[in-house]
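Below: one structure, written as structure tokens.
Set out below in structure tokens:
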């Protein structure tokens, strides 16, 4: 199993865009919080989040290849198949089956949505974003239009209501709010 530092270093070597790095770290933090909620392996779930967009810089214009290049790059690290499969599921290249798959699928757009909520809030502080604020923005289809409402709502597949899910992801992101600049 790849350790967090090796995964972090690999992400840093493959991802050059500062905002994409922040997104990846936000997904990692959200996945760790979900793992805590469900009594799952926090390291495993966190590393899955950390590696999920590893190939994004080279597949940004080739979405059909997104996650498959990551899989090739990770071959030498002997990554568990469960992690590879979840990474493949997050852009919709395979059907979600496990709690890990659904968690990554829903968390990926949720982090961007929560960042957008924070930037639109008068305080511009993540700590001030509550579930009511997020749910009101969720209903506005033009707000953070790139954040798939369908994918976020898929949190129901891991037996979470949308409001609880969004608060869990926000709480995970709060643990690294200094890194995120929020």
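Numbering (my numbering), first residue to last: 5 to 186.
All C-beta atoms in this analysis are idealised placements derived from N, C-alpha and C, irrespective of residue type, glycine included.
Query                                                                                                                             : Result
Three-way DSSP call (helix, strand, coil) for residue 145 in this model                                                           : coil
Local Cβ density within 10 Å of residue 17, reported as buried at 16 or more and exposed below that                               : exposed
Assumed close pair residue 173, residue 115 - CB separation to whole angstroms, cut-off 8 Å                                       : 6 Å
C-alpha distance - residue 34 paired with residue 131, whole-angstrom precision                                                   : 15 Å
Cβ of residue 19 within 9 Å of any chain C Cβ                                                                                     : You won't find chain C in this structure, because it holds only one protein chain.
Chain-order list of residues whose beta-carbon lies under 7 Å from that of residue 106 (same chain, five-residue window excluded) : 100, 158, 161, 162
Cβ contact check for the stretch 136-156 and the stretch 83-90: 3 or more pairs under 8 Å                                         : no
Complete alpha helix (DSSP H) runs within the stretch 43-120 (minimum length 4 residues, chain order)                             : 46-55, 60-63, 72-78, 85-93
The stretch 50-65 / the stretch 19-34 touching (three or more Cβ pairs under 8 Å)                                                 : yes
Buried versus exposed call for residue 183 [16 or more other C-beta atoms within 10 Å across all chains shown]                    : exposed
Limits of the alpha helix (DSSP H) - the one that residue 181 falls within                                                        : 181-184
Touch test, the stretch 40-47 against the stretch 65-83, Cβ-Cβ under 8 Å, three pairs minimum                                     : no
Candidates 133, 6, 55, of which the one nearest residue 25 by Cα                                                                  : 55
Any non-hydrogen atom of the ligand FMN closer than 8 Å to residue 115 Cβ                                                         : Among the components of this structure there are no ligands whatsoever, and the ligand FMN is therefore not found.
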